[in-house]
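2 protein chains.
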Amino acid sequence: MSHKRLFIPGPTEAVPEVLGQQTQWLIGHRSKDYTALYTGIIDKLHQYFETRQHATVLTASGTIWMDITARNMVRKKALAGVCGAFSQRMANTIRDSGKEVTPLEVEWGKAIKPEMVLEELAKDDYDTVAVVHNETSTGVRNPIGEIGAAIKKEYPDVMFVVDAVSSAGGDHLVPENLNTDIIFASTQKCFALPPGLSIAFYSDEAVERARSVPGRGFYTDLIAIHDYYGKKQQNPTTPNISLMYALTYQLDRMLAEGAQARHQRHEAMAQYTRNWAAKDMEMFAEPGYESITVSTIANTQGRDIAGLNGELAKRGYQIANGYGAKLKEKTFRIGHMGEWTLDDVKSLLWHIDEIWRR
Amino acid sequence: MSHKRLFIPGPTEAVPEVLGQQTQWLIGHRSKDYTALYTGIIDKLHQYFETRQHATVLTASGTIWMDITARNMVRKKALAGVCGAFSQRMANTIRDSGKEVTPLEVEWGKAIKPEMVLEELAKDDYDTVAVVHNETSTGVRNPIGEIGAAIKKEYPDVMFVVDAVSSAGGDHLVPENLNTDIIFASTQKCFALPPGLSIAFYSDEAVERARSVPGRGFYTDLIAIHDYYGKKQQNPTTPNISLMYALTYQLDRMLAEGAQARHQRHEAMAQYTRNWAAKDMEMFAEPGYESITVSTIANTQGRDIAGLNGELAKRGYQIANGYGAKLKEKTFRIGHMGEWTLDDVKSLLWHIDEIWRR
Chain Z
2 MSHKRLFIPG PTEAVPEVLG QQTQWLIGHR SKDYTALYTG IIDKLHQYFE TRQHATVLTA
62 SGTIWMDITA RNMVRKKALA GVCGAFSQRM ANTIRDSGKE VTPLEVEWGK AIKPEMVLEE
122 LAKDDYDTVA VVHNETSTGV RNPIGEIGAA IKKEYPDVMF VVDAVSSAGG DHLVPENLNT
182 DIIFASTQKC FALPPGLSIA FYSDEAVERA RSVPGRGFYT DLIAIHDYYG KKQQNPTTPN
242 ISLMYALTYQ LDRMLAEGAQ ARHQRHEAMA QYTRNWAAKD MEMFAEPGYE SITVSTIANT
302 QGRDIAGLNG ELAKRGYQIA NGYGAKLKEK TFRIGHMGEW TLDDVKSLLW HIDEIWRR
Chain E
2 MSHKRLFIPG PTEAVPEVLG QQTQWLIGHR SKDYTALYTG IIDKLHQYFE TRQHATVLTA
62 SGTIWMDITA RNMVRKKALA GVCGAFSQRM ANTIRDSGKE VTPLEVEWGK AIKPEMVLEE
122 LAKDDYDTVA VVHNETSTGV RNPIGEIGAA IKKEYPDVMF VVDAVSSAGG DHLVPENLNT
182 DIIFASTQKC FALPPGLSIA FYSDEAVERA RSVPGRGFYT DLIAIHDYYG KKQQNPTTPN
242 ISLMYALTYQ LDRMLAEGAQ ARHQRHEAMA QYTRNWAAKD MEMFAEPGYE SITVSTIANT
302 QGRDIAGLNG ELAKRGYQIA NGYGAKLKEK TFRIGHMGEW TLDDVKSLLW HIDEIWRR
């Protein structure tokens, strides 16, 4: 297969030196060598995310944390902000785990605001609020800092869970500043690694809550994860060792660049893409709430997006069509995350312009 | 870290050419290229396991299928054979998912027999039976073919779930011959790949059952997995693409060797190890029920196992101590699975003899 530079919202480009880490010999996951590898990763995560919350790396895609949220955080009833396909999935997962959930719905393209959350929390006895930070389908970036502050001020016992799958590691997120009890991500997005691991930070209060919620299972049991790390500094089940090698290497690269610099690089790519789109199209996201890692652009000129991607493929590039039947061809998405730089984005957009000029 | 040849019961040795597959460029998991990769893997799994059951590869360790069993198969009450640490975990996972479970316990080292299962099934209204084929802690290989036949003859509606995490791909297992409704494995055992993926086969009846069981969640929802593959020949969430490259490559190697030849190779390694142990020790497993992929040996001479492993490390080898507080130093384990050959086992055992002679 020819190499296509992935400007889709994940998996994004992983560079050869990172992929190459996966060729190291395997080691036993109950060995001291593994403990050293894994605790090193946890230390680096603490440094990068400037947090004292608990950190963990679970062998599964980030989505598994929707199940973990449902099985560990929700005692009886959750409020879930729904503003696109992935936040809808969070609400569905809670419902399909046998818990009650109220979807707090806004029109796709709009953001979830703190006042909406507070208004709904006043109406019923909620124990958990779940919000997707960066809604990968619509390119909306929800104001989780403001939402977290609003919730915790009035409802300190409500657990605040944030899906940051497609933003963490690009967007600079500090759990304590956001008041999150669980915040989770996937390796194949802004971490620019292969898919296969999820990264999460969770509070002491999340541990306390989980201990009181029955039916957590095993693979999805936050307490099993937490206690095993406390006792042995390892994982309850066999982790993906190859990807742990790549993760430790990549976290060093991320620390060398710096969280703030990475944030600015992502913001610069997003800003350039927005200005480019503004020439004759519009952003799909509500102004002021546009993602800095994925731009969803309204295809107001009715251009052939599948055709564009076919042409881009010949030039070694790939972008993403709109998500699902609802947004396909009506929007298209450019993932500018992970390894990409402003120059890479400029090249991509030059090619798109050039294809459209023909 | 220096290279230790892993004779532990997983992760086992993955050879450089297999690890190297993971350096290929990532591709989008919603692309035609990915569909071709994944359907190719499913085809090869069907060929190798000589089955017409549904096959799937999920990004998680095999243990997640204990949660999937609890959430998808168990309607009300399960019977779980318990003969070691991993089968205990299966029983616990069902219980900790809020379902009823009766542990059918035998002394560690003994096997679960069909008549025990039938006797217990007659006593209560069970809807699921779960058995671990190859109990990695005790080195017992349960007679799942006989158990499956016995269950299905008298209780055709009872779901039969088998954990074959540490045997499938070594031991030759054909789902239809075993009457399994779900049988699952992990890549880091007899498939000789890095950890990070689980492989499972499931019957039409398992799909039917799952559709009638509420509370399946999302990542652990067999129906989400099944329907997404039916509709798009892809996975519901982002799969570990790097490991899929390695899996497709490794399945070609496994098909080239042949399932029967691999079975015989594992049997020869096990037989040699048993004869070696019989010189002055005993197998921990009940005679006639010894695993062909991992030998658990009773340390009847009271030798220092941790010390042995320290000496072996200097020579570039690693074996496993007994599992958990219960079996540590009282037993030790030699994993002879995946890539290893009879000659490799002979070399390992020669080194152990040589260390003990000093």
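The listed protein sequences derive, respectively, from chains Z and E. Numbers in the numbering used here are just positions in the first sequence, counted from 1, shifted up by 1. Numbers in the numbering used here are just positions in the second sequence, counted from 1, shifted up by 1. Note that CB positions come from ideal geometry on N, CA and C, so glycine has one too. In this text, all values refer to a predicted model and were calculated from it rather than measured experimentally.
The alpha helix (DSSP H) with Ser160 of chain Z in it runs from where to where?
Per the sequence shown, the amino acid found at residue 160 of chain Z is Met instead of Ser. Where Met160 of chain Z is concerned, there is no enclosing alpha helix (DSSP H), although the beta strand (DSSP E) it sits in stretches over Met160 to Asp164.
Just how far apart, CA to CA, sit Thr129 of chain Z and Gly303 of chain E?
Rounded to whole angstroms, Thr129 of chain Z to Gly303 of chain E spans 54 Å at the Cα level.
Whole-angstrom distance between Lys190 of chain E and Gln189 of chain Z, CA atom to CA atom:
25 Å
Straight-line CA distance for Gln321 of chain E to Leu349 of chain Z?
Checking the displayed sequence, the identity of residue 321 of chain E turns out to be Ala instead of Gln. Those two C-alpha atoms are separated by around 52 Å.
Whole-angstrom distance between Ala151 of chain Z and Trp26 of chain E, CA atom to CA atom
43 Å
Put Ser292 of chain Z into one of helix, strand or coil per three-state DSSP.
coil
Tell me the DSSP secondary structure of Tyr246 of chain E in three-state form.
helix
Run through chain Z and tell me which residues come within less than 9 Å of Met160 of chain E, C-beta to C-beta.
Those do not exist, as Met160 of chain E stays about 18 Å from chain Z at its closest Cβ, beyond 9 Å.
Could you compute how far the alpha carbon of Asn300 of chain Z sits from the alpha carbon of Phe161 of chain Z?
35 Å
Should Gly170 of chain Z be labelled buried (16 or more other beta-carbon atoms within 10 Å of its own) or exposed?
buried
Which residues in chain Z have a C-beta closer than 7 Å to the C-beta of Thr238 of chain E? List them in chain order.
Ser62 and Thr64
Range of the contiguous alpha helix (DSSP H) that encloses Tyr35 of chain E
Lys33 to Tyr49
Using a Cβ-Cβ cut-off of less than 8 Å, give me the residues of the segment 215-229 of chain Z that come near chain E, in sequence order.
Pro215, Gly216, Arg217, Gly218, Phe219, Tyr220, Thr221 and Asp222
Can you name, in chain order, every residue of its own chain whose Cβ lies under 6 Å from the Cβ of Ala207 of chain Z, other than the five neighbours on each side?
For Ala207 of chain Z, where only same-chain residues beyond five positions count, the Cβ hits under 6 Å are Asp182 and Ile183.
Please report the residue range of the beta strand (DSSP E) in which Tyr101 of chain E lies.
Residue 101 of chain E is actually Glu in this sequence, not Tyr. Taken as a continuous stretch (DSSP letters only), the beta strand (DSSP E) holding Glu101 of chain E covers Glu101 to Glu106.
Compare the beta carbon distance of Leu309 of chain E and Ile242 of chain E with 8 Å and say whether it is the shorter of the two.
Contact flag unset, no.
According to DSSP, is Gln235 of chain E helix, strand or coil?
coil
Listed by chain order, chain Z residues near Leu244 of chain E by CB distance under 7 Å:
Gly197
Taking 8 Å as the CB-CB limit, is Pro12 of chain Z close to chain E?
yes
Enumerate, from N- to C-terminal direction, the unbroken alpha helix (DSSP H) stretches of 4 or more residues contained entirely within the segment 307-335 of chain E.
325-328
Can you list, in chain order, the residues of its chain with a C-beta nearer than 6 Å to that of Ile200 of chain E? Leave out the 5 residues immediately preceding and following it.
The answer, listed in chain order, is Val58 and Ala186.
Are the beta-carbon atoms of Tyr203 of chain E and Val159 of chain E separated by less than 8 Å?
no
Is the segment 139-156 of chain Z touching the segment 222-230 of chain Z in the sense that three or more CB pairs, one from each, lie closer than 8 Å?
no
Which residue's Cα is closest to the Cα of Leu194 of chain Z: Z:Leu38, Z:Leu248, Z:Phe219 and Z:Ile148?
In terms of Cα proximity to Leu194 of chain Z, the closest of Z:Leu38, Z:Leu248, Z:Phe219 and Z:Ile148 is Z:Leu248.
Proximity of Ile148 of chain E and Val132 of chain E at Cβ, strictly below 8 Å:
yes
Assuming Lys154 of chain E is part of the alpha helix (DSSP H), what are its boundary residues?
Ile145 to Glu155
What's the gap between the Cα of Gly29 of chain Z and the Cα of Leu7 of chain E?
7 Å
For Gly140 of chain E and Ala278 of chain E, what's the separation of their Cα atoms in angstroms?
13 Å
Tell me whether Arg304 of chain E sits in a helix, a strand or coil according to DSSP, three-state version.
coil
Could you tell me whether any Cβ in chain Z is nearer than 8 Å to the Cβ of Pro17 of chain E?
Chain Z contact via Cβ: present.
Cβ shell of Thr94 of chain E (< 7 Å), same chain only, five flanking positions each side left out:
Met67, Asp68 and Ala71
Bridge partners of Asp172 of chain Z, per DSSP?
In DSSP, Asp172 of chain Z forms a bridge with Z:Ala169.
Out of E:Glu14, E:Gly85 and E:Leu198, which one is the CA nearest neighbour of Thr60 of chain E?
E:Leu198
Can you name the residues that DSSP bridges to Tyr203 of chain Z?
Z:His55 and Z:Ile183
Pop quiz: Leu179 of chain Z and Gly218 of chain Z are said to be a contact at Cβ under 8 Å. What is the actual Cβ separation, rounded to whole angstroms?
That pair is no contact at about 27 Å.
So Ala286 of chain Z is in the alpha helix (DSSP H); what residue range does that whole segment cover?
Looking at the DSSP string, Ala286 of chain Z is not in any alpha helix (DSSP H), and its letter there is neither H nor E.
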